[in-house]
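> Under my numbering, the residues of the sequence shown are numbered 2 to 74, in order.
Glycine included, C-beta positions come from ideal geometry on N, C-alpha and C.
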Amino acid sequence: MTAHIPAALAEVSKGRDLLDTAEFGKATIRAPQTIRKNYCLTGHCFGIRPVKIGNRLMWPVTEVARLLTGEGA
């Protein structure tokens with residue numbers, strides 16, 4: 002099942018499959034440090050588990066879209 006990606010999120014993601022932590026923070030109206038803290042304490046943020054690439058956390062756009070549209074993550 003493919004989640005509908007809101008227009009604002011599609012503009013931020015620019016066709017990519019993953020968002021970095023700062024972009025995920027903007028989409029969820031949270032500071033990047035809050036996102037990292039939630040991940041550090043629980044292993045996820047809003048039920049979304051990131052993909053680690055190098056030293057960066059990358060967040061799946063489809064999961065973020067489900068969160069923003071109310072379908073849950």
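Examine the ligand ATP and report whether any of its heavy atoms sits within less than 6 Å of the Cβ of Ile49.
Within the structure as shown, the ligand ATP is missing, as the structure has no ligands at all.
> Please name the residue in Gln34, Ala9, Asp21 and Phe47 whose C-alpha comes closest to that of Gly55.
Asp21
> Going by DSSP, what residues sit across from Arg57 in a beta bridge?
Ile54
> If we count Cβ pairs, one from each stretch, closer than 8 Å, do we get three or more for the stretch 12-20 versus the stretch 30-39?
no
> Under the three-state reduction of DSSP, which class applies to Arg17: helix, strand or coil?
coil
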